[in-house]
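To start, the structure under review is shown below, and the notes come after it.
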């Protein structure tokens, strides 16, 4: 096909721009929504994966009457004799209700001078070890934004589980790279964390078991299960799957909605082209009467609608990137992050799978093109005099 | 030369609303001849024109243009035939309303590999022949009836076709514009074109343009 043909197709597209605006906007909205969901889901999955991957292989939690309970030294003693365990790393963490903003912060108790349960935490503790003392708390960007609203700049009063007030110094974390882990976090030393969470000195929230040989994990899990049949034991593999499933489930719901919406959109477009849009029919009839072949009509429509679909897709892609990674997806993030996110700002780390974008491109552009090209092809196979009537 | 042999067209054949639009038409049209098909509305003249213009298929029969049966041609060849051999002037003009005069003239050229100079030359020549020289950028929808007709004629002439087919070309024109159209058709005849007109306008009978008048009634040639 010659360049004049492309120019003519572009000219007709420009001339009928108002006619093409509705499909463009609808297509843009659909792709924008799905891209935003993909970006959020992908970013959260990637961050969750980073968190989980940086943890030891086995997590052991104690449950009592269906509710999570604490663990103590007794557990660690019992595990001493199991071969293949490099170390046991207890964790102190829990929720702290901040009444003023009606928000929960995540308290994580850490040891600033020894390895913790997560290498990301270790990076932070190493970085801030010099500033650490019993009365200092390190806060994530989300926590900071909440505290800023109440003018807590340098210090803060927290309350122990027994109601005793604890005056602490605030040190903000530079946590851009660990956003999901640290955004609503208050990082402090173990003793302060235990006071805030109402734990005894010998108690911990749960503990990790470090197993250097990954093939030994099932064997060690079996032995721990024999020792503590009522405990919940989660391997790293299961944690990864859980994190993935959580966000896949949420994005899956949206994708199902997207498929419903895009199907309705395509049917609408198909019907518009074949039945209701007399203008479209007449144009095809005229061009056929002037000597255009069926393949010319298909190519003509292909050029025009590919331009509409691709420009809407690229624009939607860019807008959703800005919406998610620059403005932190207002409204939409609440669906993914739950109540914590209601008042705490989360920073989404840019991360997406190129394959997801390619699949989305195929799933949206191909049906769009088909819903336009099929009726155009059908109309161009009819005698021009019939079509022009 | 155009030979129409035993041509029939039946709509909804075998159905409840079966209608015989053309019944065993036989007609020969010489090169550079101008014929007028006369008949009342529904007599079948427009159907005959659309089949002659390769825009619909007959139920039976053949149309031989320079000994080639256009009825049997595959769709691609039929399109080429329409593009290069036929210039069709429609009663309702059938211009693309949102495009300008020049853009409408570009439509039949879009599928051809021509140089820019050749395109400009063809458009200029067609505009001169149809006398629509100063309306290049006017949208088709903003043209008067006479101007639309001239634009449609220019578009029909753009590929220098050997056969001009006009369906009720004066139906929407006043007398002055009708006379002007006849003058244009005379010019085309002088250029060696074969002209086939379907009309019930008596104005064509008063001119020396027409070589033969053919009357159609109930899908048959009666005179």
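Protein chains in written order, with this note's numbering: chain A, 90 to 478; chain B, 26 to 248.
Positions of the beta carbon are idealized from the N, C-alpha and C atoms, including for glycine.
In this text the structure is predicted, and so the values were computed from the model without any measurement.
- Query: If we count the other Cβ atoms within 10 Å of its Cβ and call it buried at 16 or more, is residue 67 of chain B buried or exposed?
  - Reply: exposed
- Query: Are the CB atoms of residue 374 of chain A and residue 133 of chain B nearer to each other than 8 Å?
  - Reply: Going by C-beta atoms, residue 374 of chain A is not nearer than 8 Å to residue 133 of chain B.
- Grab the span of the beta strand (DSSP E) containing residue 261 of chain A for me, first residue to last. 254 to 261
- Message: Given this structure, state the Cα-to-Cα distance separating residue 124 of chain B from residue 48 of chain B, to the nearest angstrom.
- Response: 39 Å
- So which residues on chain B does residue 261 of chain A lean against when the C-beta distance must stay under 8 Å? Under the 8 Å cutoff, chain B gives no residues; its nearest Cβ is about 60 Å from residue 261 of chain A.
- Residues in the stretch 28 to 58 of chain B with C-beta within 8 Å of chain D's C-beta atoms, listed in sequence order? In the structure shown, chain D does not exist; the protein chains are A and B.
- Item | 9 Å Cβ cut-off: residues of chain B touching residue 436 of chain A | Correct list: empty, because the minimum Cβ distance to chain B is about 48 Å.
- Which class does residue 175 of chain A belong to by DSSP, given the choice of helix, strand or coil? DSSP, reduced to helix, strand and coil, places residue 175 of chain A outside both helices and strands of the structure shown, so it counts as coil.
- Which of the three DSSP states, helix, strand or coil, is assigned to residue 222 of chain A? In the structure shown, residue 222 of chain A sits in coil (DSSP, three-state: anything other than H, G, I, E or B).
- Item | Contained beta strand (DSSP E) runs [length at least 3] in the stretch 90 to 168 of chain B, N- to C-terminal order | For the stretch 90 to 168 of chain B, whole beta strand (DSSP E) runs of length 3 or above, ordered along the chain, are 111 to 114.
- Query: How long is the line joining the alpha carbons of residue 249 of chain A and residue 197 of chain A, rounded to whole angstroms?
  - Reply: 14 Å
- Message: Quick check on residue 444 of chain A - is its C-beta less than 8 Å from some C-beta in chain B?
- Response: Not closer than 8 Å to any Cβ of chain B, the Cβ of residue 444 of chain A fails to qualify, so no.
- Message: Could you check whether the Cβ of residue 156 of chain B sits closer than 8 Å to any Cβ belonging to chain A?
- Response: no
- Message: Less than 8 Å between CB atoms is the rule here; does residue 99 of chain B satisfy it with respect to chain A?
- Response: no
- At least one CB of chain A closer than 8 Å to the CB of residue 87 of chain B: is that the case? no
- Find the residues of chain A that neighbour residue 135 of chain B, judging by a C-beta separation of less than 7 Å, and give them in chain order. 93, 94 and 97
- Closer than 8 Å by C-beta to residue 446 of chain A: which residues in its own chain qualify, once you throw out the five before and the five after it? Chain order, please. For residue 446 of chain A, where only same-chain residues beyond five positions count, the Cβ hits under 8 Å are 124, 127 and 406.
- Query: With distances taken from CA atoms, which of A/441, A/350, A/387 and A/316 is nearest residue 503 of chain A?
  - Reply: Nothing can be reported for residue 503 of chain A: it is not among the residues displayed for chain A, which extend from 90 to 478.
- If you count every other CB in all the chains shown that lies within 10 Å of the CB of residue 72 of chain B, and 16 or more means buried, which is it? The residue is buried, with at least 16 neighbouring Cβ atoms inside 10 Å.
- Task: Using a cut-off of 8 Å between C-beta atoms, extract the partners of residue 94 of chain B located in chain A.
- Result: Going along chain A, no residue has its Cβ under 8 Å from residue 94 of chain B, so there is no contact; the nearest lies around 18 Å.
- Check distances from the C-beta atoms of the stretch 369 to 388 of chain A to those of chain B and list, in chain order, the residues that come in under 9 Å. 371, 372, 374, 375, 376, 377, 378, 379, 380, 381, 382, 383, 384 and 385
- Task: May I ask you to verify whether the stretch 238 to 246 of chain B touches the stretch 208 to 218 of chain B, counting CB pairs closer than 8 Å and requiring at least 3?
- Result: no
- Message: Taking DSSP's pairing of strands, which residues face residue 182 of chain A in a bridge?
- Response: A/197
- Item | Boundaries (first-last residue) of the alpha helix (DSSP H) holding residue 376 of chain A | 367 to 378
- Query: To which residues of the same chain is residue 149 of chain B closer than 6 Å at the C-beta, ignoring the five residues directly before and after it?
  - Reply: none
- Item | Collapsed DSSP secondary structure at residue 385 of chain A in the structure displayed | helix
- Report yes if the CB atom of residue 262 of chain A is closer than 8 Å to the CB atom of residue 276 of chain A, and no otherwise. yes
- Report the three-state DSSP secondary structure of residue 48 of chain B (helix, strand or coil). strand
- Report buried or exposed for residue 436 of chain A, applying the criterion of at least 16 other Cβ atoms within 10 angstroms of its Cβ. buried
- Item | residue 65 of chain B, buried or exposed, once every other Cβ within 10 Å from all chains shown has been counted against 16 | So residue 65 of chain B counts as exposed.
- From the DSSP output, read off the bridge partner residues of residue 236 of chain B. None; residue 236 of chain B has no bridge partner.
- Taking three-plus beta-carbon pairs below 8 Å as touching, is the stretch 309 to 319 of chain A in contact with the stretch 225 to 242 of chain A? no
- Task: On a CA-only basis, which of B/77, B/108 and B/109 is nearest residue 95 of chain B? Give me that one, please.
- Result: Among B/77, B/108 and B/109, the Cα nearest to that of residue 95 of chain B belongs to B/77.
- Query: Can residue 392 of chain A and residue 138 of chain A be called in contact, C-beta distance under 8 Å?
  - Reply: Not in contact: residue 392 of chain A and residue 138 of chain A (Cβ atoms no closer than 8 Å).
- For my contact list, residue 217 of chain A and residue 260 of chain A are in at a C-beta cut-off of 8 Å; report their separation, rounded to the angstrom. 7 Å
- Taking all protein chains shown into account, decide if residue 103 of chain A is buried (16 or more other Cβ within 10 angstroms of its Cβ) or exposed. With fewer than 16 other Cβ atoms within 10 Å, it is exposed.
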